[in-house]
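Remarks on the structure that follows.
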Amino acid sequence: MIRTEGLVKRYGDVVALDGLDLTVPKASVLGLLGPNGAGKTTAVRILTTLLQPDEGLAEVAGLDVVAHPDKVRERIGLSGQTAAVDEHLTGYENLEMVGRLYHLGRARSRSRARELLDRFDLIEAADRPTKTYSGGMRRRLDLAAALVAEPDVVFLDEPTTGLDPRSRAQMWETIQDLVRAGSTVLLTTQYMEEADRLCDDIVVIDRGRKIAQGTAEELKSQIGGERIRVVLATWDDFAPAQAILDGVAVDDVQVEEQTRNLSAGVKGGVDDLRQVLQRLGDPNVAVVDIGLHRPTLDDVFLSLTGHSAEQVATNGGGQKHTESEHPSKKEKEAVR
Amino acid sequence: MSSVALAFADSAVVAKRNLIKIKRVPEILIWTLMSPIMFVVLFGYVFGGAISPPGVNYREFLIAGVFIQTVIFGSTYTGAGLAEDMTKGIIDRFRSLPMSRSAVLAGRTASDVFYNSASITVMTITGLIVGWRIRTGPVEAITGFLIVLLFAYAFSWIMAYVGLKVSSVEVVNNASFMFIFPLTFIANTFVDINTLPGPLKTFAEWNPVSSAAQTAREAFGNTGTGVVPDVWSLQNPILYTLIWVGIILAVFIPLSVRQYQKAASR
């Protein structure tokens, strides 16, 4: 449903997209993962006809976005940091307006607006101007606006950036419902957890380039599998503990004396963990904490780029290649 | 529906959205409607004693001028409204929708016709209170009001372009005053054009603001016995004004639509 080939976008000397290739099959979710300035928003803006690419091909629902922007717009919905609602209009008026502008007609626009307000738990706030809405409510309304015309392809640009944990969890549920109903979704995020939760396929981008692609599991296995980590109560038990871990480890046991941490890569998962626990009980090694750790996407990002995504995200403001033309506006949006 | 019908429908939806804003924030409308009252009273009584155009009471002479001046000032509202929209995400929403490309602009200028109608109504009432009278029939009077509205509509498109070009509400206001003041003062809006010195008089004679004011004055029967300068523009004020309206629309509609596409796709 979405395809790009060699997509390039420059802002003066700054290269926002440097030959991006993407493919999103029907009824699947692609996560575009990367720090601020990686080019995520630029890619979304090109695919939603808001921006012209300098080079390369971009197709949505089989339509070239440069040649047929009007036809593409009939098939897509956009929500996230670049889309918005009118603050003086009520939630209902916003959705009705969007319906009319999708040319659904008066009656259909009205019934769709009611349906969506109900579905997004905004029915009680339906007749209040949206400037009285909380950040989470605004985002939900914004997503509702993207779905008014039941689009084939939905673009969600950092749908949860700036939301509190509860609103974020709500938003995730909503997106999962959407996907179950058969929509094709392209989602950008800088949160590993979000990509992990929602996406069938993840493309990690950095500085406008794809640096990795795969399912969350594939990406994790790229940097090695699971590890058993043990925190000892006392360092006196170091030697027996190391010996026990060595028995199941696929590589060298890693040791950190200061934190009394030992860890070992394993293949057997929970079985290995059970075995280790049993053996630790035998000479009675005192353990503060033990667990099986899967690498997070954060670990993936760190190993792929040499820097953590969150780190760049928080320091990202001063970076040269910010992806939006209005960084101040974006920051404001995020604060809300 | 044909694409023209769709464009009209889309513009109406956007115009409705703009009018809802006036309803939600009525202060905007109230304060901007105060300024024409102020102009009528201020000019009428401050200049009223010093300026006396031949054969007509100054306050009666003044009203048509204030009409024109006020709607031109009012057109900055179009520019400011668009400049404000352009700084907000709602423009991205509009641009991602399959709506007509000109609807955001056509809707804005259309809703400002309502706004101008409101300010003309306020000025008419104020004028009637301070002694202005319509001395012609209803047909002439309605023609006068329509010409003023049409002239205002054309200026809205100029300011729409300015608003898109600068993209900051403050700049719209400051930049536009620099050209609106001379344009509305070097004309027959507030004084008899014959009192102006040479080059200014020539400018005033061909200034469309003069012909628009002259049209309104003739339509309301407020011309007095002053000699209308023997230039084509003021001898045929309706035609000359309509030509200007045509030129402004022909230039600034396509220019604004193009600027909108460009400004929004940065």
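One line per chain: the protein sequences are A and B, in this order.
The numbering of the first sequence is the working numbering, which starts it at 1041 and goes up by one.
The numbering of the second sequence is the working numbering, which starts it at 197 and goes up by one.
Quick reminder that beta carbons are idealized off the backbone N, C-alpha and C, glycines included.
Values in this document were obtained by computation on a predicted structure and should not be read as measured data.
Between which two residues does the alpha helix (DSSP H) containing residue i stretch?
i	result
residue 349 of chain B	334-362
residue 214 of chain B	199-220
residue 1314 of chain A	1310-1321
residue 274 of chain B	254-282
residue 1214 of chain A	1205-1220
residue 1141 of chain A	1131-1141
residue 431 of chain B	428-431
residue 1071 of chain A	Where residue 1071 of chain A is concerned, there is no enclosing alpha helix (DSSP H), although the beta strand (DSSP E) it sits in stretches over 1069-1073.
residue 394 of chain B	394-402
Under a CB-based cut-off of 7 Å, is residue i close to chain B?
i	result
residue 1126 of chain A	yes
residue 1168 of chain A	no
residue 1041 of chain A	no
residue 1038 of chain A	A query on residue 1038 of chain A cannot be resolved here, the shown segment of chain A reaching from 1041 to 1376 and no further.
residue 1114 of chain A	yes
residue 1300 of chain A	no
residue 1060 of chain A	no
residue 1364 of chain A	Confidence is the limiting factor: at residue 1364 of chain A the pLDDT is only 39, short of 50, which leaves the residue's position unreliable and the question unanswerable from this model.
residue 1226 of chain A	no
residue 1118 of chain A	yes
residue 1352 of chain A	Because the pLDDT at residue 1352 of chain A is just 47, under 50, the model does not fix this residue reliably, and the value given afterwards should be weighed accordingly. Taking Cβ atoms only, chain B never reaches closer than 7 Å to residue 1352 of chain A, which makes this a no.
residue 1371 of chain A	Note that residue 1371 of chain A has pLDDT 36, beneath the 50 cutoff, so the model's placement of it is unreliable and no number is given.
Select from the options the residue whose C-alpha is nearest the C-alpha of residue i.
i	options	result
residue 280 of chain B	B/214, B/326, B/438 and B/339	B/214
residue 206 of chain B	B/298, B/322 and B/273	B/298
residue 1230 of chain A	A/1173, A/1159 and A/1342	A/1342
residue 287 of chain B	A/1225, A/1226 and A/1126	A/1126
residue 1114 of chain A	A/1287, A/1143, A/1130 and A/1093	A/1143
residue 983 of chain A	A/1321, A/1049, A/1188 and A/1197	Residue 983 of chain A lies beyond the residue range present for chain A, which begins at 1041 and ends at 1376; the question has no answer from this structure.
residue 208 of chain B	A/1128, A/1137, A/1183 and A/1259	A/1137
residue 1079 of chain A	A/1061, A/1066 and A/1069	A/1061
residue 256 of chain B	B/234, B/326 and B/441	B/326
residue 389 of chain B	B/321, B/247, B/445 and B/235	B/247
residue 210 of chain B	A/1259, A/1139, A/1083 and A/1234	A/1139
residue 1210 of chain A	A/1051, A/1237, A/1249 and A/1154	A/1237
residue 1279 of chain A	A/1331, A/1145, A/1177 and A/1325	A/1325
residue 244 of chain B	B/413, B/387 and B/432	B/387
residue 1056 of chain A	A/1044, A/1334 and A/1093	A/1093
residue 1134 of chain A	A/1178, A/1259 and A/1203	A/1178
residue 1184 of chain A	A/1148, A/1204, A/1132 and A/1224	A/1132
residue 1066 of chain A	A/1128, A/1291 and A/1223	A/1223
Check the Cβ-Cβ distances between residue i and every residue of chain A, and say whether any is below 7 Å.
i	result
residue 426 of chain B	no
residue 288 of chain B	yes
residue 454 of chain B	no
residue 285 of chain B	yes
residue 365 of chain B	no
residue 362 of chain B	no
residue 331 of chain B	no
residue 209 of chain B	yes
residue 413 of chain B	no
residue 213 of chain B	yes
Tell me which residues share the same chain as residue i and place their Cβ nearer than 8 Å to its Cβ, disregarding the 5 neighbours each side in the sequence.
i	result
residue 379 of chain B	268, 403 and 405
residue 455 of chain B	357, 360 and 361
Only counting the same chain, and skipping five residues up and downstream in sequence, which positions put a Cβ closer than 7 Å to that of residue i?
i	result
residue 352 of chain B	271, 274, 305 and 308
residue 1297 of chain A	1275
residue 1089 of chain A	1105, 1109, 1112 and 1113
Going by DSSP, what residue range makes up the beta strand (DSSP E) through residue i?
i	result
residue 1304 of chain A	1301-1305
residue 1043 of chain A	1042-1051
residue 1063 of chain A	1054-1064
residue 1252 of chain A	1249-1254
residue 1119 of chain A	1116-1120
residue 1092 of chain A	Counting along the chain, residue 1092 of chain A falls outside any beta strand (DSSP E), and DSSP gives it neither H nor E.
residue 1194 of chain A	1193-1197
residue 1282 of chain A	Taken as a continuous stretch (DSSP letters only), residue 1282 of chain A belongs to no beta strand (DSSP E), being part of the alpha helix (DSSP H) at 1278-1288.
residue 1272 of chain A	1267-1272
Output needed for residue i: all residues of its chain with C-beta closer than 6 Å, excluding positions within five of it in sequence on either side, in chain order.
i	result
residue 1271 of chain A	1300, 1301, 1328 and 1329
residue 383 of chain B	400, 403, 405 and 406
residue 1024 of chain A	The structure shown does not extend to residue 1024 of chain A, since chain A is modelled only from 1041 through 1376, so no value can be given for it.
residue 1304 of chain A	1268, 1285, 1289 and 1293
residue 1095 of chain A	1048
residue 1120 of chain A	1196, 1197, 1198 and 1199
With a threshold of 6 Å (Cβ to nearest heavy atom), would residue i be considered close to the ligand FAD?
i	result
residue 320 of chain B	As for the ligand FAD, it is missing from this structure, which has no ligand bound.
Inset, instruction - Check each residue of the stretch 291-322 of chain B: if its Cβ is closer than 7 Å to any Cβ of chain A, include it; give the result in chain order. - result: 291, 292, 293, 294 and 295
Legend entry - Selection of the stretch 216-229 of chain B by Cβ proximity to chain A, strictly under 7 Å: 216, 217, 220 and 221
Legend entry - Members of the stretch 1087-1110 of chain A that neighbour chain B once the beta carbon cut-off is set at 8 Å: 1088, 1089, 1090, 1091, 1092 and 1110
Inset, instruction - Below 8 Å between beta carbons is the criterion; list the residues of the stretch 1129-1141 of chain A that meet it against any residue of chain B, in chain order. - result: 1129, 1133, 1137, 1138, 1140 and 1141
Legend entry - Interfacial residues, the stretch 1175-1187 of chain A to chain B, with Cβ spacing under 9 Å: 1182, 1185 and 1186
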